[in-house]
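What follows is a set of notes on a single structure, which appears directly below.
Number of protein chains: 6
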Amino acid sequence: MTSDPFFHPVSGFDLPRFAGIPTFMRLPHIAPGDPRFGEIDVAIVGVPWDSGTTNRPGPRHGPRQLRDASTMIRAEHPVSGVRPFEAMACADVGDVAPNPADIQESMKRITAFYDQLLDAGIMPMTAGGDHLSSLPILRSLGRKAPLGMIHFDSHTDLFNSYFGGTMYTHGTPFRRAVEEGLLDPKRVVQIGIRGTAYDTEDKDFAKSVGIRIITIEEFHDRGVADVMAEAREIVGNAPTYVSYDIDFVDPTFAPGTGTPEVGGPNSYQALQVVRALDGLNIVGADMVEVSPPFDTSGGTAFLGVSIMFELLCVMAGRVAAG
Amino acid sequence: MTSDPFFHPVSGFDLPRFAGIPTFMRLPHIAPGDPRFGEIDVAIVGVPWDSGTTNRPGPRHGPRQLRDASTMIRAEHPVSGVRPFEAMACADVGDVAPNPADIQESMKRITAFYDQLLDAGIMPMTAGGDHLSSLPILRSLGRKAPLGMIHFDSHTDLFNSYFGGTMYTHGTPFRRAVEEGLLDPKRVVQIGIRGTAYDTEDKDFAKSVGIRIITIEEFHDRGVADVMAEAREIVGNAPTYVSYDIDFVDPTFAPGTGTPEVGGPNSYQALQVVRALDGLNIVGADMVEVSPPFDTSGGTAFLGVSIMFELLCVMAGRVAAG
Amino acid sequence: MTSDPFFHPVSGFDLPRFAGIPTFMRLPHIAPGDPRFGEIDVAIVGVPWDSGTTNRPGPRHGPRQLRDASTMIRAEHPVSGVRPFEAMACADVGDVAPNPADIQESMKRITAFYDQLLDAGIMPMTAGGDHLSSLPILRSLGRKAPLGMIHFDSHTDLFNSYFGGTMYTHGTPFRRAVEEGLLDPKRVVQIGIRGTAYDTEDKDFAKSVGIRIITIEEFHDRGVADVMAEAREIVGNAPTYVSYDIDFVDPTFAPGTGTPEVGGPNSYQALQVVRALDGLNIVGADMVEVSPPFDTSGGTAFLGVSIMFELLCVMAGRVAAG
Amino acid sequence: MTSDPFFHPVSGFDLPRFAGIPTFMRLPHIAPGDPRFGEIDVAIVGVPWDSGTTNRPGPRHGPRQLRDASTMIRAEHPVSGVRPFEAMACADVGDVAPNPADIQESMKRITAFYDQLLDAGIMPMTAGGDHLSSLPILRSLGRKAPLGMIHFDSHTDLFNSYFGGTMYTHGTPFRRAVEEGLLDPKRVVQIGIRGTAYDTEDKDFAKSVGIRIITIEEFHDRGVADVMAEAREIVGNAPTYVSYDIDFVDPTFAPGTGTPEVGGPNSYQALQVVRALDGLNIVGADMVEVSPPFDTSGGTAFLGVSIMFELLCVMAGRVAAG
Amino acid sequence: MTSDPFFHPVSGFDLPRFAGIPTFMRLPHIAPGDPRFGEIDVAIVGVPWDSGTTNRPGPRHGPRQLRDASTMIRAEHPVSGVRPFEAMACADVGDVAPNPADIQESMKRITAFYDQLLDAGIMPMTAGGDHLSSLPILRSLGRKAPLGMIHFDSHTDLFNSYFGGTMYTHGTPFRRAVEEGLLDPKRVVQIGIRGTAYDTEDKDFAKSVGIRIITIEEFHDRGVADVMAEAREIVGNAPTYVSYDIDFVDPTFAPGTGTPEVGGPNSYQALQVVRALDGLNIVGADMVEVSPPFDTSGGTAFLGVSIMFELLCVMAGRVAAG
Amino acid sequence: MTSDPFFHPVSGFDLPRFAGIPTFMRLPHIAPGDPRFGEIDVAIVGVPWDSGTTNRPGPRHGPRQLRDASTMIRAEHPVSGVRPFEAMACADVGDVAPNPADIQESMKRITAFYDQLLDAGIMPMTAGGDHLSSLPILRSLGRKAPLGMIHFDSHTDLFNSYFGGTMYTHGTPFRRAVEEGLLDPKRVVQIGIRGTAYDTEDKDFAKSVGIRIITIEEFHDRGVADVMAEAREIVGNAPTYVSYDIDFVDPTFAPGTGTPEVGGPNSYQALQVVRALDGLNIVGADMVEVSPPFDTSGGTAFLGVSIMFELLCVMAGRVAAG
């Protein structure tokens with residue numbers, strides 16, 4: 007809990023929301039090394055990186071656009087009344103510096119950055135980046151024990167390889183994470199899976215290790231409440247990561263992404279699924295695959311930061327609970 | 007009722023819909039002072055003004071774009087079969103001339119324009135403009151007695167002031183209207199309220215004066231029919247104003263607006279809520295906050311005029327009823 | 007059934023999906039006259055033609071954009087597991103060459119092209135083109151006996167004439183088709199009809215000949231399953247054409263079209279209605295009115311090809327059944 | 007000369023330029039039949055028609071967008087000081103109603119409309135429409151004697167036919183006009199011709215009848231002043247038509263057109279060539295091929311109306327001269 | 007001169023240019039009150055304000071977009087080799103907080119902010135904002151003695167009032183500045199003036215007080231070198247302000263602005279005119295009227311920051327000279 | 007020379023230019039292995055790859071968009087009258103399949119593809135792809151002896167490394183090519199160099215090995231003819247490669263690119279510099295860095311293919327000369 011106004015976002019009543027240098031949520035920028043770095047509870051981190059993208063690139067521009075859109079977010083949750091930036095000390099810790107031309111080097115840099123956060127007791131909320139970003143993050147967060155994961159997406163990202171043997175793309179991160187012992191597959195649930203398929207290799211793998219896949223058909227049939235109750239049960243009270251690929255949402259609501267699949271949830275459901283996470287033992291979250299070049303109206307980024315705010319409110323509950 | 011073809015829109019069967027000077031709904035342009043001005047039942051008025059906007063500007067361009075999109079509207083309601091332009095004499099009476107650099111002066115001009123309509127017994131259907139436009143309109147329509155209001159919006163617009171004491175912005179019109187006795191708060195209902203909040207000042211005010219707020223969560227849970235039944239009860243049979251902020255609708259369906267909030271109604275619900283107004287004692291209506299610079303595909307304006315057509319059909323019922 | 011890899015689309019695992027010459031679905035291009043033309047089971051045909059458009063033009067660019075978007079489609083249906091390009095030999099047979107400045111000449115060329123397909127025992131899947139395209143196609147497919155039709159649209163396209171006597175526009179094809187005996191009106195159902203109306207001439211005609219119109223209100227009230235069950239009953243087991251106007255879908259999900267009507271189905275329902283066609287005796291299908299100049303994000307075309315894939319899977323079931 | 011304020015555009019000092027119903031140049035709308043029709047000196051006419059387009063359609067939307075952009079034009083020429091709307095009575099006479107699905111019928115309607123103007127002694131300034139529009143206009147203006155023509159374009163529009171015998175497209179109007187005796191080819195000059203060619207059929211025809219073609223290479227080498235001096239000499243003092251295809255200008259300056267050719271004049275040269283027409287015996291002018299769907303920023307339409315203003319100033323000189 | 011790496015922009019070789027929180031030119035953010043504030047030589051200031059705009063709004067979004075685009079700027083001038091961020095200590099000092107709904111209050115806040123800079127001996131480089139922004143800035147910079155000014159623009163901004171008596175709009179700032187004694191009109195030159203005119207009131211005023219107007223026609227005829235030589239002579243060696251309205255540049259090169267006028271300089275000339283300022287006694291500069299909502303490709307902002315970099319290099323020369 | 011109509015593009019007089027499967031220039035698609043592969047004189051090759059991009063990605067989409075735009079190109083050069091597709095057998099040989107997640111592997115695949123062409127005596131015309139594409143191409147073309155190069159660009163692409171040691175990016179290809187002996191630096195000229203600089207490392211290298219850099223300032227001062235005469239002299243009659251980065255052209259004319267620099271040549275100059283290559287001993291050419299996601303109007307791709315046509319005409323001269 008922080009009542010230190012230093013950590014409060016600038017209010018739109020003081021400085022209009024279109025004004026000012028766009029940090030995430032208009033929070034203070036506190037880079038690693040800053041004297042107040044240690045006071046942070048939750049860090050919002052940019053991972054401007056899309057070298058794992060096998061299709062249309064763009065998520066490297068995600069953090070910049072998400073910062074811009076985030077200046078539209080205000081202080082208080084409309085339903086729960088949670089004021090996350092008062093409940094916990096949040097800060098924009100800047101971007102990890104990727105090397106767009108070297109995947110392995112970039113992954114090392116990302117893991118090292120998150121290790122720094124973890125060592126300082128800071129919980130990360132990531133703005134990606136393509137979905138490969140989640141792997142180096144999990145290498146840090148899951149370094150001690152495998153995590154559970156609630157994964158919103160239209161794709162499983164559980165393939166073994168692409169293009170004849172390439173093991174690290176945005177279609178493979180969770181296969182690697184399971185293999186590396188970063189995720190406990192029995193505590194992983196993937197929600198919203200849909201779209202035409204290459205084959206069933208990914209789903210076969212999921213089955214073989216115990217990952218639960220909830221297709222979009224099941225999602226639409228059962229509804230948010232029922233599906234999320236099952237998801238909560240799967241991850242239980244143990245440490246859990248939340249990975250939110252914006253292409254979980256129907257591409258009409260979120261066109262700014264590289265590999266859209268039609269027929270997904272609407273924007274209200276996109277928020278509801280996060281609200282249903284309240285009380286879980288969340289240790290980190292990401293919002294990935296926001297691709298500004300395909301976001302002609304900016305609406306995808308705004309939806310993205312609206313979801314990030316919901317995630318922060320859920321995290322605030324847990325921080326408050328200690 | 008008018009069978010005078012002078013007041014009928016040009017048919018798309020005669021002049022293709024992309025052709026011709028774009029007056030509202032392809033109606034005749036009858037400015038105040040015109041000899042036929044007195045024959046008008048319902049005037050469509052443009053209020054090209056957004057000086058009350060605290061965030062992203064643009065609604066000053068709304069009337070122009072709404073006129074353009076309105077040439078896609080035809081003669082007959084698909085469900086009720088109402089033909090509003092035969093049921094009543096409608097006209098495009100042009101735009102009020104605002105002074106973009108003087109808020110008080112602009113409000114005076116707007117009120118004066120509507121007084122002219124009222125004096126001639128003409129009911130106004132407004133194409134805004136930002137939501138501050140509703141205040142000077144209500145100063146005319148509510149000059150004799152406070153009105154009820156059905157207000158579709160994602161924001162309450164009930165704040166006291168912005169930027170340290172600025173009383174007239176698009177976030178304050180209905181606070182002012184209640185204070186000025188133009189609205190009867192007990193006969194005011196606000197539907198669709200959502201989004202992150204500065205604080206609860208606006209909702210506290212609503213509570214204190216008896217304004218009923220129906221949040222988007224309640225809207226989605228109860229459904230259109232149930233919510234609108236309550237709304238009808240709240241306003242009753244007394245004179246009622248309808249204020250429709252396009253940001254009531256989910257921003258994916260209506261991206262062309264300045265302060266979007268995700269998670270709103272879809273376009274079908276956007277029409278249904280108006281159909282549910284049938285038979286009410288409506289004395290005027292507005293469609294506000296359509297902001298063309300953010301409407302990359304023109305879809306917002308088209309939805310806006312589709313809603314305006316629904317409003318006209320509801321008005322036609324009342325005009326028919328005498 | 008074909009296991010000949012010649013007819014399989016190029017996999018995104020071999021050649022990234024943004025690469026390569028964009029044929030429909032990355033299928034081989036086999037023009038009439040090609041030695042392997044006779045092996046084709048289902049031909050995807052482009053009809054780049056919009057001379058029948060009375061409003062905003064653009065569908066002449068549809069086939070090009072649909073080909074481009076179709077390279078995002080993979081091999082397998084996510085629910086049924088159908089792999090249509092293995093179940094039947096599919097090919098891109100190119101575009102019919104229209105004459106943009108001569109409607110009658112263009113219709114003759116289209117009919118002649120489809121006659122060629124029919125003579126070779128090939129079932130056509132068309133990428134239009136405006137809706138007038140369906141008439142010359144039906145002149146071929148329905149030349150021997152009138153067909154049933156399941157027609158997804160927001161308009162009936164049953165008007166008699168436009169602009170004082172013009173009989174061939176995209177608002178009249180099915181009136182002509184009924185008059186010419188190409189369709190059996192008692193086996194025709196139109197789903198999704200909505201929007202402001204000129205008058206009831208089209209609906210009166212439908213009633214007089216026995217065409218069943220299911221309005222959008224009925225669609226939303228009853229739901230996909232119930233409506234489609236009725237549609238299946240109407241067409242029965244006899245040969246049936248499927249005509250899918252992209253403006254059936256709500257314009258927020260499919261803005262790239264010339265005559266949008268708000269309040270339509272979402273993208274999930276857009277797929278579901280096709281899945282419900284499984285097992286019908288389909289002899290051809292079209293996807294029309296995709297208008298790239300109004301499709302600012304490309305999402306309409308992607309939805310269009312997603313629907314085309316669903317249609318192909320339904321056709322595959324029938325081809326499999328022999 | 008008119009000092010009647012009825013004919014003066016609304017000033018941006020009175021009504022902001024984004025406000026009001028968008029007539030051409032904010033002039034009064036005076037349809038044929040209006041009592042003041044006979045007082046008009048110069049009529050601005052919309053021809054919303056593009057059925058002659060063999061490539062990308064869109065100019066049917068030109069008049070609407072040109073009207074919109076024209077509200078940015080003020081009263082006085084910055085160099086000459088001419089105030090055209092005081093020098094002559096100008097009005098927006100509305101659009102000719104085309105039949106988008108019937109070329110011959112549309113041409114008849116256009117010619118009839120211009121005959122009405124001519125009979126009333128009104129000089130037309132046209133906002134097209136594709137370039138085929140010029141043919142039915144010339145059938146009116148050139149009905150008594152063949153005219154000279156200064157033609158700005160990247161294409162000659164002198165082809166004989168398209169698609170195997172189609173005689174009326176936007177690539178053939180001036181071939182037809184010469185054949186029909188509407189233009190005196192020896193008094194015709196075409197400026198700015200460029201781009202890849204089908205063949206030399208059009209240029210061979212030009213040569214055979216004495217039309218002078220000034221290619222873009224010659225234009226850039228010699229400069230505006232020299233080229234326009236020759237053009238003036240070619241048309242002399244006899245009645246002359248000015249046809250200005252927006253694709254004369256480089257497509258970077260005017261992207262909103264259907265058949266762009268790179269390497270053209272810039273926007274300053276686009277104005278200069280019109281200024282050089284001062285004093286000629288102009289009997290009519292057109293601005294054609296403005297295609298809003300391809301004009302992503304609206305800049306093409308604004309350049310188009312800026313050129314139309316220049317043309318009106320040149321016309322004003324002649325009207326002043328009697 | 008500063009060799010303190012604290013003041014150096016982050017290199018694109020270390021952090022890719024699309025990454026990081028977008029401060030101006032990737033400089034450190036040093037707000038007034040910061041301990042290092044006093045070390046700054048040149049402050050880049052955002053003025054996100056457009057309440058003086060009489061036409062299309064948007065420049066309130068300018069500073070945000072200019073910051074974003076500025077991350078594309080590198081360290082060294084390609085011709086002179088000047089490295090401005092090493093030659094002087096530059097910083098992003100954030101935005102002045104305007105009140106979008108109160109013009110007078112906003113002007114007071116702006117002047118107060120610049121007074122702070124002046125008191126600290128910091129030279130301001132402003133990113134506007136509409137052109138009215140220059141007036142409150144000049145009220146600070148010219149408080150002791152009237153300044154000379156080199157003004158690049160297509161408009162004189164010398165009108166007396168708008169809308170019947172409104173004295174403070176973006177069309178009047180320099181009339182006010184002359185009246186208030188902030189500018190010495192005999193040392194003011196306006197370059198690039200063009201476009202249709204309301205009347206000659208502004209030019210008459212210029213003449214009466216001795217302001218030199220160089221029209222675009224004169225600019226194109228004489229060329230950059232000749233025109234700028236005269237400009238240098240006009241302002242001489244005394245303190246001079248540089249005001250650069252992006253609409254000086256042709257709107258094809260800079261579409262993102264509210265009141266474009268065609269026929270202006272190209273992007274190369276846009277840079278050249280600044281290079282010609284080298285050695286002048288510049289005390290401040292602004293880049294105004296960049297309007298992101300009309301900058302569909304972002305090119306306007308990138309040109310804007312490219313010009314700002316040129317201005318900084320010129321300032322660096324003077325700082326170096328002491 | 008080929009008179010075989012098999013190799014002629016489809017004429018827009020037969021099939022409208024918006025129709026048909028978009029191969030480059032509407033040429034036949036002849037993949038390696040096709041029986042007619044050996045008859046090809048000039049192959050147009052797509053390299054859909056941008057993994058070397060350090061800034062904004064997108065050129066992987068270049069070949070697709072260039073193919074689409076290329077259907078606007080006709081048969082004959084407007085000045086020289088050359089008909090390249092009759093002068094030599096041209097074909098679209100498809101795209102090299104890159105691996106977007108593996109730079110070294112992709113370079114190997116590219117070199118292997120070009121080796122195939124070289125072995126068959128086919129001259130390549132490449133549609134990139136980012137500028138790193140040129141390196142693996144040169145590894146094939148320059149395998150026997152170092153080539154000369156005329157390089158149009160705003161950047162030298164001669165840096166040693168990025169991000170602390172990354173040797174293969176789109177900023178380093180020609181440094182590598184010189185080091186690997188693929189280019190003879192004394193026969194290399196770079197034209198159009200401009201923009202803010204990191205430092206002078208690249209220019210120092212150029213100087214040290216004898217590469218001639220012609221800056222944009224020199225280009226504008228001397229003019230096309232003079233500069234190109236020097237360029238011709240530098241490369242002489244020996245085998246020469248032409249590398250054309252679209253960012254050579256001013257970004258207003260070619261916004262669709264990742265690293266724009268303002269102040270470049272216009273579209274006419276963009277063509278003229280190619281025309282000046284006539285008669286040189288060209289052994290291959292590329293058009294790179296066309297980035298569709300930033301090409302909001304498609305104009306960049308159209309300019310790109312217009313330049314490719316000019317390059318083909320120059321190649322045709324050489325093929326004709328034997």
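Top line first, the protein sequences correspond to chains A, B, C, D, E and F.
So the first sequence is numbered by the numbering used here: it starts at 7 and just counts up by one.
So the second sequence is numbered by the numbering used here: it starts at 7 and just counts up by one.
So the third sequence is numbered by the numbering used here: it starts at 7 and just counts up by one.
So the fourth sequence is numbered by the numbering used here: it starts at 7 and just counts up by one.
So the fifth sequence is numbered by the numbering used here: it starts at 7 and just counts up by one.
So the sixth sequence is numbered by the numbering used here: it starts at 7 and just counts up by one.
We treat Cβ as the ideally placed atom computed from N, Cα and C, and that holds for glycine.
Could you pull out every residue in the same chain whose Cβ sits closer than 6 Å to the Cβ of Ala260 (chain B), ignoring the five residues on either side in sequence? Here the set comprises Ile252, Thr306 and Leu309.
At 7 Å on the CB atoms, spell out the chain B contacts of Phe24 (chain D), in chain order. Result: Pro54, Arg66, His67 and Arg70.
Taking Cβ-Cβ distances shorter than 8 Å, what residues in chain B pair up with Asn166 (chain E)? By Cβ distance, chain B contributes nothing, its closest Cβ being about 14 Å from Asn166 (chain E), past 8 Å.
Would a check of beta-carbon distances place Thr263 (chain E) closer than 8 Å to chain A? Not an interface residue.
Find out if the Cβ-Cβ distance for the pair Thr60 (chain E), Pro106 (chain B) is shorter than 8 Å. Taking 8 Å as the Cβ cut-off, Thr60 (chain E) and Pro106 (chain B) qualify as a contacting pair.
Compare the Cα-Cα distances from Arg1 (chain C) to each of C:Gly264, C:Phe225 and C:Val296 and report the closest residue. Summary: the structure shown does not reach residue 1 (chain C), with chain C confined to residues 7 through 328, and so no result is reported for it.
Distance cutoff 8 Å, beta carbons only. Does Ala49 (chain B) sit that close to anything in chain D? With 8 Å as the cut-off, Ala49 (chain B) does not count as an interface residue toward chain D.
Can a CB atom of chain C be found closer than 8 Å to the CB of Val255 (chain A)? Taking a beta-carbon distance threshold of 8 Å, Val255 (chain A) does not count as an interface residue toward chain C.
Assess, as a yes-or-no matter, whether the region 94-114 of chain D is touched by the region 193-210 of chain D under the definition of 3 or more beta carbon pairs within less than 8 Å. At 8 Å Cβ cutoff, the stretches do not touch.
Nearest neighbour of Met155 (chain C), chosen from C:Gly64, C:Lys213, C:Gly177 and C:Val184 [CA to CA]: Shortest Cα-Cα distance from Met155 (chain C) to any of C:Gly64, C:Lys213, C:Gly177 and C:Val184 involves C:Val184.
I'd like the span of the beta strand (DSSP E) that includes Ala49 (chain E), first residue to last. Note, Ala49 (chain E): beta strand (DSSP E), Val48 to Gly52.
Check whether the Cβ atoms of Val330 (chain A) and Ile240 (chain A) sit closer than 8 Å, and answer yes or no. What the structure shows of chain A is the stretch from 7 to 328, and residue 330 (chain A) is not part of that stretch, so it cannot be assessed.
If you measure beta-carbon to beta-carbon, which residues of the region 94-106 of chain E are closer than 9 Å to chain A? Flagged, chain order: Asp98, Gly100, Asp101, Val102, Ala103, Pro104, Asn105 and Pro106.
Taking only runs that begin and end inside the region 7-68 of chain E, name each unbroken beta strand (DSSP E) of 3 or more residues, in chain order. For the beta strand (DSSP E) assignment, the uninterrupted runs of no fewer than 3 residues enclosed by the region 7-68 of chain E are, from N- to C-terminal side, 48-52.
Taking a cut of 9 Å between CB atoms, which residues from the region 24-40 of chain E lie near chain A? Taking 9 Å as the Cβ-Cβ cut-off, the region 24-40 of chain E approaches chain A at Phe24, Ala25, Gly26, Ile27, Pro28, Thr29, Phe30 and His35, given in chain order.
Return the Cβ separation of Gly229 (chain D) and Phe254 (chain D) in integer angstroms, given the expectation that the two are a contact with Cβ distance under 8 Å. Wrong, their Cβ atoms sit about 16 Å apart, outside the cutoff.
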